[in-house]
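**Student:**
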């Protein structure tokens with residue numbers, strides 16, 4: 001059989017305050033198009049369907065639409081698990097009905113032990129789990145880490161292997177040896193929670209979620225992170241996002257990468273302020289692309305964020321790659337402003353590389369008002 | 001056919017801070033037992049399944065359990081709508097799968113126009129709606145009130161009436177002429193949002209939710225509020241809660257009330273403090289019953305709430321039915337306490353009839369500490 005492996009949709013995620021639902025809907029449409037073009041027999045989603053345990057109504061409505069469209073309208077069998085960003089309870093509401101249209105959603109660790117068989121393949125759908133859940137499941141106080149839990153779970157899974165079937169594990173954890181990016185939850189990818197890849201060799205394919213780059217386990221031909229469909233952090237700017245198409249007809253299974261084209265890309269621009277603002281220079285970015293600016297300048301630039309946004313409306317990050325070399329004496333006095341709030345904004349932006357947010361602006365205004373009043377006394 | 005009519009489960013509701021999930025699970029078990037004993041063909045839930053648009057995980061898990069048990073395990077067809085307390089989107093997640101086991105959950109006003117036919121009866125499942133939703137549905141700016149919207153909706157429903165079927169409306173609003181209790185949301189039961197009962201006469205039966213007392217429309221034999229399965233406020237203490245069994249085989253339909261027995265009752269005790277505390281007097285209440293105390297005393301009683309709770313652990317309200325007649329001169333000096341915090345607590349409780357909550361206690365302690373420090377200077 002042939003299936004599509006994706007994960008980490010993070011529906012509802014915001015990128016530096018920017019809503020991504022439009023981009024997520026577009027990525028979904030591309031994933032569906034690939035599934036249809038490749039004539040896959042099923043789609044696997046390896047966890048983190050939502051970005052938050054408590055997703056917004058919009059996120060719930062959007063994911064519901066996608067699942068209904070993919071499974072009920074397009075009639076594609078769906079194999080999915082909850083990730084560490086999902087609330088198993090909230091994501092799993094109603095799931096007992098989903099099996100009826102071959103939408104297999106598993107949100108409790110014990111459910112991972114009962115394989116779902118589709119065609120020539122047994123799928124073990126193991127949701128994200130904490131060690132205590134496996135400790136409880138087996139009533140074994142010795143199980144203290146994810147790796148120990150996983151060893152025990154794989155042991156039981158192997159007893160369920162049908163010899164004439166291929167065996168696929170769908171799971172959501174940090175597999176040791178993999179590298180990670182900034183957009184994953186740091187606390188979850190640490191040492192104690194790592195699963196050694198050697199524990200996973202019993203399977204013909206392991207469809208992982210959790211890490212957002214497909215390269216996280218690039219030396220493993222059949223243990224794969226699909227990565228997220230969108231770039232969620234600057235450290236992923238150079239990545240190509242996509243999905244795996246897995247064909248179980250061969251031994252070993254055949255794995256092919258299918259890229260997704262970002263509707264609005266995340267781009268890092270490293271350049272001088274002057275060059276960035278020069279209107280005759282084409283950086284090949286659209287007005288809806290997300291831009292991380294790395295300024296090469298060494299002098300302060302007043303209102304830098306505000307001015308950059310006139311050229312690039314969605315600047316999501318502003319960093320300086322060179323130290324500021326300016327001294328007070330070097331300051332161009334023509335640029336010195338008399339408005340204390342403007343001065344404060346500039347100073348804040350120069351030193352922190354971030355503009356004041358609304359709350360901070362509010363505080364600053366209040367403080368200045370009070371200071372002005374006291375001056376007047 | 002025969003169906004059971006219930007509504008306003010409000011899963012996740014707290015009563016003066018007390019979790020009600022245990023009581024709600026018990027009420028559910030009784031409702032199920034009645035449905036089985038009466039051999040009904042379906043169960044109707046007329047809105048407000050949850051207490052909040054954003055229910056807790058526990059509430060989601062509990063409702064999911066009930067729905068799975070009633071529909072998937074017990075195999076009872078289920079007809080349900082969202083109420084004003086539900087988020088249609090959150091309650092409705094996954095509902096496109098629910099129809100497959102005859103669990104008909106409707107959360108959008110337009111869906112109410114397509115009847116669900118079970119046996120000899122057409123059910124119009126009309127979720128709670130705001131006037132703008134009907135205005136939008138019919139693209140008619142004249143629709144400004146729930147009554148206007150309802151008139152238009154009923155008009156369309158009538159065109160769908162199959163002449164050889166009975167016609168039942170399931171809806172969630174304030175029907176004019178009905179009375180209401182404290183546990184409903186006041187803003188929702190006001191004049192502009194009222195639906196005249198005359199608009200509802202086209203139906204053989206109208207299964208309403210929203211008001212928590214079955215007596216709210218007691219003079220209407222076939223337009224009924226089921227009321228909530230539990231008492232949610234002191235004003236409902238004397239009520240008998242239950243469900244309606246509706247038999248559509250007769251014309252008019254036959255309606256029978258089936259009471260529920262509270263696991264833990266809500267009881268009002270009007271008595272003197274002395275009598276209430278007398279250990280030889282049996283008030284017929286259990287330690288888990290919710291008690292609203294109406295004190296008949298006219299003198300202040302130190303630590304009244306704390307002392308009452310030694311006798312009745314779940315005092316949820318404390319009011320005085322007689323004015324305090326004490327003067328300073330009458331105060332028994334033996335009861336005068338030297339601890340300022342105890343005095344403050346007493347005073348607060350005497351005047352407001354409520355004990356200090358944790359936050360207030362914290363503030364009081366801080367204020368007293370500061371005052372003491374300043375004294376010492």
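Chains as they are written, first to last, in UniProt numbering: chain A, 1 to 377; chain B, 1 to 377.
The beta carbon of each residue, even a glycine, is placed where N, CA and C say it ideally should be.
Whole alpha helix (DSSP H) runs in the segment 18-103 of chain A with 4 or more residues, listed along the chain?
**Tutor:** 21-37, 57-67, 88-92 and 95-98, all fully within the segment 18-103 of chain A.
**Student:** Check whether the Cβ of residue 96(B) lies closer than 8 Å to any Cβ atom in chain A.
**Tutor:** Yes, because at least one Cβ of chain A sits closer than 8 Å to the Cβ of residue 96(B).
**Student:** Return the first residue and the last residue of the beta strand (DSSP E) that residue 247(B) is part of.
**Tutor:** Looking at the DSSP string, the run of the beta strand (DSSP E) that includes residue 247(B) is 242-247.
**Student:** Going by other Cβ atoms of all chains shown within 10 Å of its Cβ, with 16 needed for buried, is residue 279(B) buried or exposed?
**Tutor:** Answer is exposed; the Cβ neighbour count stays below 16.
**Student:** Which term fits residue 370(B), buried or exposed, when burial requires 16 or more other beta carbons within 10 angstroms of its beta carbon?
**Tutor:** Burial call: exposed.
**Student:** Could you check if residue 103(B) is buried or exposed, using at least 16 other CB atoms within 10 Å of its CB as the buried criterion?
**Tutor:** Label assigned to residue 103(B): buried.
**Student:** Is the CB of residue 171(A) under 8 Å away from at least one CB in chain B?
**Tutor:** Taking Cβ atoms only, chain B never reaches closer than 8 Å to residue 171(A), which makes this a no.
**Student:** May I have the straight-line CA-CA distance separating residue 121(A) from residue 70(A), to the nearest angstrom?
**Tutor:** Rounded to the nearest angstrom, the two C-alpha atoms are 21 Å apart.
**Student:** Beta carbons nearer than 7 Å to chain A: which residues of the segment 59-71 of chain B have them?
**Tutor:** Of all residues in the segment 59-71 of chain B, 60, 61, 64 and 68 have a Cβ within less than 7 Å of some Cβ in chain A.
**Student:** For the alpha helix (DSSP H) holding residue 292(A), just list the boundary residues, first then last.
**Tutor:** Counting along the chain, residue 292(A) falls outside any alpha helix (DSSP H), though it belongs to the beta strand (DSSP E) covering 290-295.
**Student:** Do residue 20(A) and residue 211(A) come within 8 Å of each other at the CB atom, strictly closer than that value?
**Tutor:** No; because the gap between Cβ atoms is not below 8 Å, this pair is not in contact.
**Student:** Decide if residue 5(A) is buried, meaning its Cβ has at least 16 other Cβ atoms within 10 Å, or exposed.
**Tutor:** Label assigned to residue 5(A): buried.
**Student:** Just the Cα atoms here: how many angstroms apart are residue 308(A) and residue 276(A)?
**Tutor:** Distance between the alpha carbons of residue 308(A) and residue 276(A) is about 8 Å.
**Student:** Hey, residue 24(B) and residue 261(B) are a contact pair by Cβ (cut 8 Å); roughly how many whole angstroms apart?
**Tutor:** Actually they do not touch by this definition, with Cβ atoms about 14 Å apart.
**Student:** Compile a chain-ordered list of the residues in the segment 83-94 of chain A whose CB is closer than 7 Å to at least one CB of chain B.
**Tutor:** Of all residues in the segment 83-94 of chain A, 87, 89, 90, 93 and 94 have a Cβ within less than 7 Å of some Cβ in chain B.
**Student:** Please go through the same chain and pick out, in chain order, the residues whose beta-carbon is closer than 7 Å to the beta-carbon of residue 154(A), but skip the five residues on each side of it.
**Tutor:** So the list reads 199 and 202, once near-sequence residues are dropped.
**Student:** Under 8 Å by Cβ, that's how I've got residue 107(A) and residue 127(A) pegged, so tell me the actual separation to the nearest angstrom.
**Tutor:** Indeed, because the Cβ distance is near 5 Å, the residues count as touching under 8 Å.
**Student:** Helix, strand or coil: which one does DSSP assign to residue 4(B)?
**Tutor:** Residue 4(B) falls in the strand class under three-state DSSP.
**Student:** For the segment 46-57 of chain A, list every residue whose C-beta sits within 7 Å of some C-beta in chain B, in sequence order.
**Tutor:** Taking 7 Å as the Cβ-Cβ cut-off against chain B, the residues of the segment 46-57 of chain A that qualify are 57.
**Student:** Is residue 340(A) helix, strand or coil when you go by DSSP?
**Tutor:** Helix, per DSSP.
**Student:** Residues in its own chain within less than 6 Å of residue 130(B) by CB, not counting five upstream and five downstream?
**Tutor:** There are no such residues.
**Student:** Could you tell me which whole beta strand (DSSP E) segments of length 3 or greater appear in the segment 98-143 of chain A?
**Tutor:** Runs found: 103-106, 116-118 and 121-125.
**Student:** Classify residue 158(B) as helix, strand or coil using the three-state DSSP reduction.
**Tutor:** Three-state result, residue 158(B): helix.
**Student:** Should residue 101(A) be flagged as near chain B, meaning a C-beta pair shorter than 8 Å?
**Tutor:** Yes - at least one Cβ of chain B is within 8 Å of the one on residue 101(A).
**Student:** By DSSP, does residue 187(B) sit in helix, in strand, or in coil?
**Tutor:** Per-residue confidence for residue 187(B) stands at a pLDDT of 40, beneath the threshold of 50, marking its modelled position as unreliable; no derived number is given.
**Student:** Kindly list the residues whose CB is nearer than 8 Å to the CB of residue 253(A), restricted to its own chain and excluding five residues on each side of it in sequence; keep chain order.
**Tutor:** Excluding sequence neighbours, residue 253(A) sits near 166, 204, 205, 222, 246 and 247.
**Student:** Kindly give me the distance between the Cβ atoms of residue 292(B) and residue 237(B), rounded to whole angstroms, as I take these residues to be in contact under 8 Å.
**Tutor:** Confirmed, Cβ separation roughly 7 Å.
**Student:** Answer with buried or exposed for residue 163(B), where buried requires no fewer than 16 other C-beta atoms within 10 angstroms of its C-beta.
**Tutor:** Its Cβ having fewer than 16 others within 10 Å, residue 163(B) is exposed.
**Student:** Would you kindly work out how many angstroms separate the C-alpha atoms of residue 132(B) and residue 244(A), rounded to a whole number?
**Tutor:** Whole-angstrom Cα-Cα distance: 45 Å.
**Student:** Are there three or more Cβ pairs, one per stretch, closer than 8 Å when the segment 293-300 of chain A is compared with the segment 313-327 of chain A?
**Tutor:** Result yes; three or more Cβ-Cβ pairs closer than 8 Å.
**Student:** Find the nearest neighbour of residue 290(B) within the set 35(B), 316(B) and 58(B), judged by alpha-carbon distance.
**Tutor:** Per the Cα distances, 316(B).
**Student:** Measure from the alpha carbon of residue 9(A) to the alpha carbon of each residue in 213(A), 135(A) and 125(A), then state which is nearest.
**Tutor:** Minimum Cα distance to residue 9(A) is reached at 213(A).
**Student:** What do you get for residue 216(A), buried or exposed, if any count of 16 or more other CB atoms within 10 angstroms of its CB means buried?
**Tutor:** Result: buried.
**Student:** How would you label residue 186(A), buried or exposed, when you count the other beta carbons within 10 angstroms and need 16 or more for buried?
**Tutor:** With a pLDDT of 44 at residue 186(A), under the threshold of 50, the predicted position of this residue should be treated as unreliable, and no value is reported.
**Student:** From residue 149(B) to residue 66(A), what does the alpha carbon distance come to, in whole angstroms?
**Tutor:** Cα to Cα, residue 149(B) sits roughly 31 Å from residue 66(A).
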